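*Asks:* No gaps in the numbering here: position 79 of the sequence shown is 156 in my numbering, and each next residue is one more. Cβ coordinates follow ideal geometry from the N, Cα and C atoms, glycine included. Since the model is a prediction, treat every value here as computed from it, not as a measurement.
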Amino acid sequence: MSAIVFTGMGIISPLGIGREAFWENCCAAQHGFCKIKAFDTTRMRCDVAALPEHFQPGQYMPAAEYRKMSRLSRMATAASIEAMKESGLKLESMDRDRIGIVLGTAFGSSSHLDEFYLSFLKDGPRGAQPFLFPETVQNTAASHVAIYHKIPGPNVTFCQNELSAESALAYAINLLEQDLVDVVLTGGAEEVSFTQFECFHALGALNPIKINEGDVIKPRLRGGHILGEGAGVLVLEREEFARKRGARVYGRMGACVLQGGQAVIGHYAREGRALGRVMEQALEQAGLKAREVDQLDLGANFSGELEDLEYSRIKQMFENIRRVTPLKYLLGECSGSSSLRIAAGLLSLKEQRRLPTLDVEILKASGSHDLIWEPAQTGLTRNVLMTFATYGGGVGAVVLRKVEA
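#1: Per the DSSP calculation, HIS302 is bridged to which residue(s)?
#2: Give every residue of the same chain whose Cβ lies closer than 7 Å to the Cβ of ASN216, excluding the five residues on either side of it in the sequence, and list them in chain order.
#3: Could you tell me which whole alpha helix (DSSP H) segments of length 4 or greater appear in the region 315-381?
#4: From what residue to what residue does the alpha helix (DSSP H) around LEU198 run?
#5: Name the DSSP bridge partner or partners of CYS111?
#6: Could you give the uninterrupted runs of the alpha helix (DSSP H) lying entirely in the region 217-269, keeping only those of 4 residues or more?
#7: Would you please state the rounded distance, in angstroms, between the beta carbons of VAL480 and VAL326? I believe it to be under 8 Å.
#8: Suppose you measure from the CA of ALA351 to the CA of VAL334; what does that come to, to the nearest Å?
#9: Measure the CB-CB distance between HIS131 and ILE158 and report whether it falls below 9 Å.
#10: Is it buried or exposed, THR455, if we count other Cβ atoms within 10 angstroms and call 16 or more buried?
#11: Taking contact to mean at least 3 C-beta pairs separated by less than 8 Å, is the region 153-171 in contact with the region 305-313?
#12: Counting pairs of Cβ atoms below 8 Å between the region 431-442 and the region 338-350, do you hit three or more?
#13: To the nearest angstrom, report how far apart LEU304 and TYR468 are at their CA atoms.
#14: Between ILE288, PRO403, ARG122 and VAL437, which lies nearest to CYS103 when the distance is taken from Cα to Cα?
#15: Of the choices ILE224, ALA183 and GLY201, whose alpha-carbon is the least far from that of VAL214?
#16: Could you tell me which of TYR194, LEU373, ALA205 and VAL222 sits nearest to ALA160, measuring between CA atoms?
#17: Which class does PRO134 belong to by DSSP, given the choice of helix, strand or coil?
#18: Would you identify the three-state DSSP class for GLU159, choosing helix, strand or coil?
#19: Where does SER79 fall in DSSP's three states?
#20: Just reading off the alpha helix (DSSP H) that LEU417 is part of, what are its end residues?
#21: Spatial neighbours of LEU280 within its chain, please: C-beta separation below 8 Å, excluding the five flanking residues on both sides.
#22: With H, G and I counted as helix, E and B as strand and the rest as coil, what does DSSP make of PHE184?
#23: Whose CA, out of TYR406, ILE398 and ASP200, lies closest to the CA of TRP450?
#24: From GLY328, LEU180 and ASP117, pick the residue whose C-alpha is nearest to that of LEU246; which is it?
#25: Which of the three DSSP states is assigned to THR154 in this structure?
#26: Given a cut-off of 9 Å on the beta-carbon distance, is the pair PRO231 and GLY177 in contact?
#27: What residue does the alpha helix (DSSP H) around ASN102 start on, and which one ends it?
#28: Going by alpha carbons, who is nearest to ALA249 out of SER187, GLY444, LEU313 and GLU317?
#29: Rounded to the nearest angstrom, what separates ARG400 and LEU149 at their Cα positions?
#30: Would you call the CB atoms of ALA377 and MET394 closer than 9 Å?
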């Protein structure tokens, strides 16, 4: 079976719109946090989120296309347009039945769901807004991507909280390995809405940050989530297919392992055995030893629970790793759009520049701290290990590998 490679990426992120801006801010360890202006946060414990403030859907598609979409669908479709352009694929000369679309989202368009439900409560079934309804279902973003590109192939959406994009990736790999498709657009998207934000506030899960315009944003370690939004779409192909058409290759899929775990609803699996297993299995599938990992990208997200979970596994498995890259400390908790983290790992492999790092001991710190990032450094980067986890107990690990010339 031919190896599976990544040949394109589309990025709508709090760290920048498009690959170049995203990569520049990743390397600079420039966070994407800002004050929320889209809805009132006066009575909430937090008024900060990680947002792609400069996203303009009109730069990607005509108003007639995006007017009918939610913000979630706009970001996902825009990311897919950029990913297809980057990949160099010529749809007009391809069998579109053999192109798949597999996306993830934790919550879908909760803003449109809320608006539709409120119109239903106010005016009854006959008064509910019909134009809002299509955006209330989670698979709408993937459907818009298919409609825009006129792709009738397999179309699947995964909703598994913070493992949504990773579940989509695993399914995309399966489609390619079974030779059901030649190309897959995969990844995920998430939006920050009033309803979603209020739910996290009610659970006490938000980082307690209240700022005035111009204030320095300083998250509290172990203080809770900083929610984020964005979309990341990646193009996957079998290596032989990509080489035949002369595609640029960002990196190769080494392994993608997902597993359930035991945890109280609303919490992470604290004992860490499941996470340890998927990390070991991912390295085994990729044919690697722990000492061969050049970069470790964690899912740490200011929650405290996830930091403890990952810290215990790192100390048990690795002797040589003293510094780690928790990209959610810059991206925020983007839930279903964690494919943005995978994009950063692929760019690190392609550019042979390791992402900024923090001392691993920061995972045990608490309270308000200055995060001292070691800048991105040029150096041989062959293998990237990434860890993922969601509340409720699910865990995952992904290995990305450098493609040898």
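*Replies:* In terms of the structure at hand:
#1: LEU283, per the DSSP bridge assignment.
#2: Contacts found: THR234.
#3: List check, alpha helix (DSSP H) in window: 316-321 and 350-363.
#4: It spans 187-204 - the alpha helix (DSSP H) in which LEU198 sits, taken as one unbroken run.
#5: ALA126.
#6: Every unbroken stretch of the alpha helix (DSSP H) spanning 4 or more residues and falling wholly within the region 217-269 is given here in chain order: 217-226 and 241-254.
#7: The C-beta separation of VAL480 from VAL326 comes to about 5 Å, placing the pair in contact by the 8 Å criterion.
#8: Taking C-alpha positions only, ALA351 is separated from VAL334 by approximately 11 Å.
#9: Taking 9 Å as the Cβ cut-off, HIS131 and ILE158 do not qualify as a contacting pair.
#10: It counts as exposed.
#11: Pairwise C-beta distances place the region 153-171 in contact with the region 305-313, as three or more of them are shorter than 8 Å.
#12: No, because fewer than three Cβ pairs between the region 431-442 and the region 338-350 fall closer than 8 Å, the two stretches do not touch.
#13: Straight through space, the alpha carbons of TYR468 and LEU304 are spaced by roughly 14 Å.
#14: Of the candidates ILE288, PRO403, ARG122 and VAL437, the one whose C-alpha sits nearest the C-alpha of CYS103 is PRO403.
#15: Ranking ILE224, ALA183 and GLY201 by Cα distance to VAL214 puts ALA183 first.
#16: From the listed residues TYR194, LEU373, ALA205 and VAL222, the smallest Cα separation to ALA160 is found for VAL222.
#17: In the structure shown, PRO134 sits in a helix (DSSP, three-state: H, G or I).
#18: Looking at GLU159 - three-state DSSP - the assignment turns out to be helix.
#19: Here SER79 sits in coil by DSSP.
#20: Element bounds for LEU417: 416-428.
#21: If we look at LEU280 and ignore the five residues flanking it on each side, its Cβ neighbours are GLY343.
#22: Reduced to three states, the DSSP call for PHE184 is coil.
#23: For the residues TYR406, ILE398 and ASP200, the minimum Cα distance to TRP450 belongs to TYR406.
#24: With distances taken between Cα atoms, LEU246 lies closest to LEU180.
#25: In the structure shown, THR154 falls within a helical segment according to DSSP collapsed to helix, strand and coil.
#26: Taking a C-beta distance under 9 Å as the contact criterion, PRO231 and GLY177 qualify as a contact pair.
#27: Start and end: 96-104.
#28: Cα-wise, what sits closest to ALA249 is LEU313.
#29: The alpha-carbon atoms of ARG400 and LEU149 are separated by roughly 34 Å.
#30: No, the Cβ-Cβ distance between ALA377 and MET394 is not below 9 Å.
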